[in-house]
Each structure stands twice: as structure tokens, then as C-alpha cells.
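Residue numbers (the numbering used here), protein chains in the order written: chain E, 28 to 140; chain V, 100 to 215.
Below, the structure is given as C-alpha cells:
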């Protein structure tokens, strides 16, 4: 089955700096890679996703890059703000079939004012 | 609000007991997924139902079972509860139709289960 590794497990940055979270996946058949943000005690919420036919996607201060050959994808947050503090999860999903997501173990991001 | 509802919000029970968690997917979503999130842990996939049928199984214990009803709501049954079953249980739903469908998973607010 799919295995997703996520690094780092914790990340502290100064407000205004950039943050990068990296994930690798094992199943070359995976074709959809979402990122979820989870605030303490809340539900995971999708913040951005990328499909395997695209190398990069941006949405304001958030961007995701995908390297299919190396089987890794990354989340980039620029100009970080205190409200970006949360746990971020990457995930990978195979194509048609179960649509099951395999999640990484999460990165706790702390943005220091 | 994702449109996915879960009840109850909190559940406190004793070891050995049985509980049922309920999830209603977003309107139009055919697939329901159940996840377990223990303290400081990631999201562990338990099971998926699609239009009433089991589609995929993850690390679900034999003491746990689920079903999806004709109106597409789903229930997760946890029996012979142990202290280690204390966790947040999330359900998510998606359209899950077609290989190239967007198929974003929308998460419910979760049920926090405490086993004493």
C-alpha cells in the first residue's frame, strides 16, 4: 500500500519568513496530493491540492510543488502570519478505485510574532 | 462549515462498553470515510463506504465495524472499548465518482471519544 513520509514534524518560523514542508510517497500510481490544515481541536481543512499532471500550483501565499520522478511534493507558505500556526498534513491518493487518502504524520507549524 | 455532520460531539464511556458514532455526508456525496486521530497522531484511515457498500479497509480493528445506510449516512460501531480507543474520530465525504473527478474529501467536526 501507499506510504507517505512527512518532514519536519515541527517547524518554528518568525512571522514574515517562509515555511516549507516536504512529503514523499511510495506508490507511483498516486495522482492526487492534497494538503490539509488542522487547528487545535478542529477538523482538517483542505488548503491546496495538486494533481499529477501539474508541477506547481499557487494560491496567494501558499504553493505546492510536485516532482513525480522523485515522488515528492512540498508545501510552501510565504510571508507567514501567526494565524498560519497549525498542524499541516500532506496526503496522497491513487486514481480510480477507493479514493482512499494516505496521510503523512503531520507538521506542527508555529509562527512566532 | 463543510456540510458534513457528526454526532455526538463528545462521548465519555467506560472500558468494555459499545458506542455508535454517526455521520451524515454532504448532499450529493456518495462516499464516506472514517478516520481515527489519537493524541499527537496523524489521521489513520479506518474504512470507506461508497453508495452503501464497503470500498476500502485500513487499520480497522475487528472490534470496530461500520455501515452506510440507503440515505447515505454512516455509522461507526466501536465495541469492547479499551483505554487506547480514546481518540478523535472524523468522518469525511466525497463525491467519489469517476477517475478524474475532483473528489476532495470534506471532513466533519469529529467525535471526541474518551474511554475511562
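In this text, a Cβ means the ideal position worked out from N, Cα and C, and glycines have one as well.
Under DSSP, residue 138(E) forms a beta bridge with 40(E). Listed by position along chain V, the residues whose Cβ is nearer than 7 angstroms to that of residue 126(E) are 130, 193, 195, 202. Taking the Cα positions, residue 211(V) is about 11 angstroms away from residue 70(E). Assignment of beta-bridge partners to residue 61(E) by DSSP yields 76(E).
Per DSSP, reduced to three states, the secondary structure at residue 67(E) is coil, with no helix or strand assignment.
Residues 146 of the same chain have their beta carbon placed closer than 7 angstroms to that of residue 156(V), with the five preceding and five following residues left out of the count. In the DSSP assignment, residue 213(V) falls within the unbroken beta strand (DSSP E) covering 210-214. 53(E) is the residue among 53(E), 47(E), 38(E) whose C-alpha sits nearest the C-alpha of residue 121(E).
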